[in-house]
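Remarks on the structure that follows.
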Amino acid sequence: MKKTIIGIILGVVLVYLSLRGIDFREVAGGFRQIRVDYVLLFLVIVFSVQLLRSFRWGLMLRPLDRVGQLSLFSVTCVGFLAIVSLPARLGELARPYLITKKSRIKMTAALGTVLVERVCDSVAILAIFGAVVFFIPSLPPWLVRSALLISLLTFLFMSFMIAMIMKREATLEILAPLIRRLPERFAGKIGGLVHQLIDGFKIFSNFKLLLQVMLLSVIVWMVNAAAIYTLFQAFALHLPFTAAIVVMIILLIGIAIPTAPGFIGNWHYACILGLTLFGAPKSEALTFAVIYHFLSIGIVVVLGLIFLPFNKFSITDMKKEAMSTHQASPSVDLASKP
Numbered sequence: 509m510k511k512t513i514i515g516i517i518l519g520v521v522l523v524y525l526s527l528r529g530i531d532f533r534e535v536a537g538g539f540r541q542i543r544v545d546y547v548l549l550f551l552v553i554v555f556s557v558q559l560l561r562s563f564r565w566g567l568m569l570r571p572l573d574r575v576g577q578l579s580l581f582s583v584t585c586v587g588f589l590a591i592v593s594l595p596a597r598l599g600e601l602a603r604p605y606l607i608t609k610k611s612r613i614k615m616t617a618a619l620g621t622v623l624v625e626r627v628c629d630s631v632a633i634l635a636i637f638g639a640v641v642f643f644i645p646s647l648p649p650w651l652v653r654s655a656l657l658i659s660l661l662t663f664l665f666m667s668f669m670i671a672m673i674m675k676r677e678a679t680l681e682i683l684a685p686l687i688r689r690l691p692e693r694f695a696g697k698i699g700g701l702v703h704q705l706i707d708g709f710k711i712f713s714n715f716k717l718l719l720q721v722m723l724l725s726v727i728v729w730m731v732n733a734a735a736i737y738t739l740f741q742a743f744a745l746h747l748p749f750t751a752a753i754v755v756m757i758i759l760l761i762g763i764a765i766p767t768a769p770g771f772i773g774n775w776h777y778a779c780i781l782g783l784t785l786f787g788a789p790k791s792e793a794l795t796f797a798v799i800y801h802f803l804s805i806g807i808v809v810v811l812g813l814i815f816l817p818f819n820k821f822s823i824t825d826m827k828k829e830a831m832s833t834h835q836a837s838p839s840v841d842l843a844s845k846p
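Per the working numbering, residue 509 is the first one in the sequence shown, and the count goes up by one each step.
Structure below.
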């Protein structure tokens, strides 16, 4: 609850910073000049991104179970609806929970694949950013430092995940002292959950499949940048494709900050920050941010609502599934190890 309140306050602050010094007559004029044909193309591209995401997730799940593409797409759509509508990133649990209803995959293992997805996304985005640096050497130092920090964290996290899948028993031995500090009723079950989580990392032991996922990740984010570039055309913003990539990266950093549901405030401020780096007036940047946010969230909501009747869930349901996963997990007694 406290995190939610802090997130809402932060969102309000970012909304204020986004609106400060804005000429709203220019914003209104910007809305009237939008080209609808480019907006429709933008929506088609965003829809294709969701399809690509669901297909890529299916590859990540393949070492655990084969899931049909329609099921993957419907769960992905509802999962993203949960992400934008639930506070404190609770929506991230929706996809792992829902996929258990469509397959034999345990929720904790599915959560492991979501973590793998985040790592693959980070690697792809950093690779794209590295290429952009050669074309725009004058990027702000804070952005370069942020990319370097994310690179370090991604490398460490991916190395840890690979070590966990390659040296499972050694990992459990390392974690044993930490697990012994937990209450006794939990400690015996944690080992089983860790085993299931590591199962979600199995793709790291399949180089061919991992390479496919990495290439798909680059494609996903390049298509995402293409969507932003298409929206530039709708606003007659004469900016290069590299600007779309930079705006995308700044936006990803911005929405990583937990604020109000729907990324209100941080989305807009990040877009304005990115566009003004390339000389766009703040009023035009705000107009772009509002429309970009509305369309992006709008298509997520529409697709999510279409598939929601076939993938119903609640926070209570997710908690029950987590508890049943605990009970079904093999009891690995790490608590008693010296």
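Built from N, CA and C at the ideal position, the CB exists for glycine as well.
Treat the numbers as computed from the prediction; the structure is a model and nothing was measured.
Output the boundary residues of the alpha helix (DSSP H) element that contains residue i.
i, result
"residue 801", "790-815"
"residue 649", "649-674"
"residue 774", "774-784"
"residue 847", "A question about residue 847 goes unanswered here, because the residues of the chain that appear run from 509 up to 846."
"residue 749", "749-763"
Can you have a look at residue i and say buried or exposed, based on whether 16 or more other CB atoms are within 10 angstroms of its CB?
i, result
"residue 675", "exposed"
"residue 691", "exposed"
"residue 528", "exposed"
"residue 566", "buried"
"residue 735", "buried"
"residue 456", "Outside the displayed range of the chain (509 to 846) lies residue 456, so it cannot be described from this structure."
"residue 729", "buried"
"residue 584", "buried"
"residue 808", "buried"
"residue 677", "exposed"
"residue 824", "exposed"
"residue 561", "buried"
"residue 616", "buried"
"residue 817", "exposed"
"residue 630", "buried"
"residue 571", "buried"
"residue 843", "With a pLDDT of only 42 at residue 843, under the threshold of 50, the placement of this residue in the model should not be trusted; the figure read from the coordinates follows. Buried is the call here."
"residue 632", "buried"
"residue 700", "buried"
"residue 685", "exposed"
"residue 514", "exposed"
"residue 588", "buried"
"residue 526", "buried"
"residue 579", "buried"
"residue 489", "Absent from the structure is residue 489, since the part of the chain shown begins at 509 and ends at 846."
In three-state DSSP terms, what is residue i?
i, result
"residue 646", "coil"
"residue 575", "coil"
"residue 543", "coil"
"residue 744", "coil"
"residue 526", "helix"
"residue 821", "coil"
"residue 738", "helix"
"residue 769", "coil"
"residue 697", "helix"
"residue 531", "coil"
"residue 713", "helix"
"residue 690", "coil"
"residue 638", "helix"
"residue 633", "helix"
"residue 559", "helix"
"residue 594", "coil"
"residue 582", "helix"
"residue 837", "Residue confidence is low: residue 837 scores 48 on pLDDT, short of 50, so the model does not pin down where it sits. Its coordinate-derived value is still stated next. Coil, per DSSP."
"residue 626", "helix"
"residue 613", "coil"
"residue 570", "coil"
"residue 515", "helix"
"residue 842", "Caution applies to residue 842, whose pLDDT of 44 falls short of 50 and renders its modelled position unreliable; the value that the coordinates give is listed next. Coil."
"residue 587", "helix"
"residue 537", "helix"
"residue 599", "helix"
"residue 620", "helix"
Is the stretch 789-809 touching the stretch 726-741, taking contact as three or more C-beta pairs under 8 Å?
-> Result yes; three or more Cβ-Cβ pairs closer than 8 Å.
Contact the stretch 699-710 vs the stretch 619-631: 3+ CB pairs below 8 Å | Because the criterion of three Cβ pairs below 8 Å is met, the stretch 699-710 and the stretch 619-631 touch.
Inter-stretch contact (C-beta, 8 Å, three-pair minimum) for the stretch 760-772 and the stretch 571-580 | Taking one beta carbon from each stretch, the stretch 760-772 and the stretch 571-580 have fewer than 3 pairs nearer than 8 Å; the two do not touch.
Would you check if there are 3 or more beta carbon pairs closer than 8 Å linking the stretch 515-524 to the stretch 770-779?
-> The stretch 515-524, when compared against the stretch 770-779, does touch it at the 8 Å Cβ threshold.
Stretch-stretch touch, CB-based, cutoff 8 Å, three pairs: the stretch 744-760 with the stretch 633-645 | The stretch 744-760, when compared against the stretch 633-645, does touch it at the 8 Å Cβ threshold.
Okay, do the stretch 657-675 and the stretch 709-722 touch, 3+ Cβ pairs below 8 Å being the bar?
-> Yes: the two stretches touch, three or more of their Cβ pairs being nearer than 8 Å.
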